[in-house]
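Only one structure is covered here, and it is reproduced in the block below.
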């Protein structure tokens with residue numbers, strides 16, 4: 001199953017969205033997140049996004065020349081509140097796609113139980129991403145998550161070849177550890 005389908009089947013992930021207001025500055029739409037960090041709106045809208053209109057979130061598919069386009073057309077105004085899904089790093093997406101449905105589900109369930117979200121990833125070293133060989137391969141991927149209160153390090157030990165296995169060693173900065181295996 002592809003990542004987008006998996007994301008749609010997951011329960012709501014904490015911190016999956018950036019919420020902030022927009023302003024036009026020098027004829028460019030700028031998004032200010034909750035920490036007032038500016039970003040060019042066009043750079044962070046990747047798929048559908050939402051705008052709060054009359055205290056309701058309305059979904060739109062694209063943005064052109066100050067117009068939000070979807071089932072309806074909306075002229076965006078300074079101060080409008082946007083809700084945009086946080087982008088996932090490409091190498092991280094590829095790593096998530098490499099996992100079996102079972103391994104993906106177990107890992108996300110464990111992360112959520114530990115108060116981490118799929119969207120809390122701040123670093124991913126995907127060893128598989130750099131290997132183009134088709135021979136059997138063993139290795140470790142390193143993924144770090146930050147939920148704003150704690151850090152979580154995931155060491156993903158994998159085997160690919162005639163047999164396939166995934167083992168996750170999860171360590172929180174408070175010293176708690178978990179081991180998860182998927183064969």
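In the working numbering, the protein residues as written are 1 to 183. Where a beta carbon is used, it is the ideal one built from N, C-alpha and C, also for glycine. All figures in this text were calculated on a predicted structure; none of them were measured in a lab.
Secondary structure within the segment 116–160: the beta strand (DSSP E) runs of 3 or more consecutive residues, fully enclosed, are 121–125, 137–146, 151–160 (chain order). Per DSSP, residue 163 is not a residue of any beta strand (DSSP E), being assigned neither H nor E. Residue nearest to residue 126 within the set 138, 116, 75, 115 is 138 (criterion: CA-CA distance).
Under DSSP, residue 62 forms a beta bridge with 69.
Of the residues assessed, residue 141 falls on the buried side of the cut-off, its CB having 16 or more other CB atoms within 10 angstroms.
Residue range 101–113 is occupied by the alpha helix (DSSP H) that includes residue 113, with no beta strand (DSSP E) assigned at that position.
The bridge partners DSSP lists for residue 53 are 56. Each of 50, 151, 89 was checked against the Cα of residue 71, and the nearest Cα belongs to 50. Judged by DSSP secondary structure, residue 180 falls within the beta strand (DSSP E) whose first and last residues are 177–182. Within its own chain, the residues whose Cβ lies closer than 6 Å to the Cβ of residue 76, once the five positions on either side in sequence are excluded, are 66, 68, listed in chain order.
Under the DSSP assignment, residue 98 falls in the alpha helix (DSSP H) whose first and last residues are 90–98.
Under the three-state reduction of DSSP, residue 35 is assigned to coil, being neither helix nor strand. Between residue 17 and residue 85, the beta carbon gap of about 6 Å places them in contact (Cβ cut-off 8 Å). Contact between the segment 90–97 and the segment 28–43 is absent: fewer than 3 CB-CB pairs across the two stretches fall below 8 Å. Where residue 25 is concerned, the enclosing beta strand (DSSP E) starts and stops at 17–25. The C-beta of residue 179 has fewer than 16 other C-beta atoms within 10 Å across all chains shown, which makes the residue exposed.
For residue 81, the uninterrupted beta strand (DSSP E) run begins and ends at 81–85, by DSSP.
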